[in-house]
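A.B. asks: When you number the sequence shown by my numbering, it's gap-free, plus one each residue, and the end is 313. Supplied in structure tokens, the structure appears directly below.
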Amino acid sequence: MREREAGQRAAKIDKAAKAGSAVAHEAAATKAARGMAPEPLPPCFAAIDWSKPWFAQFATRGQRWQQAALTGYADLLAAMNADAAQMQQTTGRGQPLAFIAQDDLPPGAAYEGHIASTGCVPTRHNLHDFFNGSMWFAFPRIKAALNARQSAELDVLGVGPTRGGVRDMLTLFDENALLFACADSSLSAALRGFEWQTLFVAWRDAWGRRCEVRCFGHALLEKLIAPFRGCTGHAWIVAVPAEYFEWDTPARDAWLDEAVSAALLGPDALTSRMFAPLPVLGIPGWWPENESPAFYDDTSVFRTGRRKR
5 MREREAGQRA AKIDKAAKAG SAVAHEAAAT KAARGMAPEP LPPCFAAIDW
55 SKPWFAQFAT RGQRWQQAAL TGYADLLAAM NADAAQMQQT TGRGQPLAFI
105 AQDDLPPGAA YEGHIASTGC VPTRHNLHDF FNGSMWFAFP RIKAALNARQ
155 SAELDVLGVG PTRGGVRDML TLFDENALLF ACADSSLSAA LRGFEWQTLF
205 VAWRDAWGRR CEVRCFGHAL LEKLIAPFRG CTGHAWIVAV PAEYFEWDTP
255 ARDAWLDEAV SAALLGPDAL TSRMFAPLPV LGIPGWWPEN ESPAFYDDTS
305 VFRTGRRKR
């Protein structure tokens, strides 16, 4: 059984890699035949600063992919598929993960439904999809859980003009979520209560000891290429054991991946009210200017919120 699955996986990866290469070479050949200059590579990939804390969490793989992306579209797909083959990751319905060119998504096919049924993730040569692919490796169980729930919703409701509440929440998670790992309920209460001075100033020493953040949303990561003060993520609060902060980073990420994916697949209703807004540049250690308590006085960013609720 395992040998057959491995063979199917290898065939799928090889097909995806060849398809990506064919798309890139065909586009280049068409432009050359028309006397057109080759399309310039997106300069955005060179702008990734891997020293930033929001990118550093997956810098090792990301730097390899960055070099591939700067070489060309087909090279990026090949690098992603090589890692997918090695990791043996699956999507929401157990299909082996692979990355294909966006043009290979059949007309009229739903993006999430296609991923669930085939395992193939349509991927463009841009930062948005670069970071989306990265999350399939940083938090594979969470990505598979999101895909499973999205495709299940599609099975029930179909593709319509509106997504519906659950799909909206899942999309918001996928695009803009932060994982707020916390071993102290008073800290999560301060976050939900918009008590910024308490969370970021009075309890600043708690960061890294009793709470921390992982970036998940790929649209959020794309925005953080050029950070701005008002950049805000949707924090998903994860209660972690106290010993969590004694573990190394891979162990923490694996724990978060398991816990959050289980919650997404659990019986609880999923709504956007489950998130808490969190201005990313306010996280201690993530932005030099927030060393000054006055940084948090900007009420256009650090809003008072609905304290009474």
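Beta carbons are placed, not taken as given, at the ideal position from N, Cα and C, and that holds for glycine.
Using CA coordinates, which residue listed in 105, 74 and 96 is at the minimum distance from residue 85?
C.D. replies: Checking every option, the nearest Cα to that of residue 85 belongs to 105.
A.B. asks: With H, G and I counted as helix, E and B as strand and the rest as coil, what does DSSP make of residue 127?
C.D. replies: Here residue 127 sits in strand by DSSP.
A.B. asks: Among 140, 145, 170 and 142, which one has its Cα closest to the Cα of residue 154?
C.D. replies: Cα-wise, what sits closest to residue 154 is 170.
A.B. asks: Would you tell me roughly how many angstroms separate the C-alpha atoms of residue 272 and residue 278, rounded to the nearest one?
C.D. replies: Residue 272 and residue 278: Cα-Cα distance of roughly 11 Å.
A.B. asks: Should residue 244 and residue 185 be called a contact, given that it needs their Cβ atoms to be closer than 7 Å?
C.D. replies: Going by C-beta atoms, residue 244 is nearer than 7 Å to residue 185.
A.B. asks: Have a look at 275, 213, 269 and 238 and flag the residue whose alpha-carbon is nearest the alpha-carbon of residue 252.
C.D. replies: The residue with the shortest Cα to Cα distance from residue 252 is 213.
A.B. asks: Pairs of beta-carbons, one from the stretch 187-204 and one from the stretch 112-127, closer than 8 Å: are there three or more?
C.D. replies: These segments do not touch.
A.B. asks: The beta strand (DSSP E) spanning residue 236 covers which residue range?
C.D. replies: First-last of the beta strand (DSSP E) with residue 236: 236-243.
A.B. asks: Looking at the secondary structure, which residues open and close the alpha helix (DSSP H) in which residue 116 lies?
C.D. replies: Counting along the chain, the alpha helix (DSSP H) containing residue 116 begins and ends at 115-122.
A.B. asks: Within the continuous alpha helix (DSSP H) that includes residue 220, where are the two ends?
C.D. replies: Element bounds for residue 220: n/a, residue is neither H nor E.
A.B. asks: Counting only the same chain and skipping the five closest in sequence on each side, list residues whose C-beta sits under 6 Å from that of residue 211.
C.D. replies: Hits under 6 Å: 288.
A.B. asks: So residue 222 and residue 132 are in contact, right, with Cβ under 8 Å, and what is the actual spacing, rounded?
C.D. replies: About 6 Å separates the two Cβ atoms, so the contact holds.
A.B. asks: How far does the alpha helix (DSSP H) with residue 274 in it extend, from its first residue to its last?
C.D. replies: First-last for residue 274: undefined, no H or E at that position.
A.B. asks: Whether or not the stretch 121-132 and the stretch 89-102 are in contact is what I'm after, with contact meaning three or more pairs of Cβ atoms, one per stretch, closer than 8 Å; do they touch?
C.D. replies: These segments touch.
A.B. asks: How many angstroms separate the CA atom of residue 307 from the CA atom of residue 198?
C.D. replies: Roughly 7 Å between the two C-alpha positions.
A.B. asks: Below 7 Å CB to CB, which residues in the same chain sit around residue 60 once its five sequence neighbours on both sides are set aside?
C.D. replies: Counting only Cβ-Cβ distances below 7 Å, and skipping sequence neighbours, we find 54.
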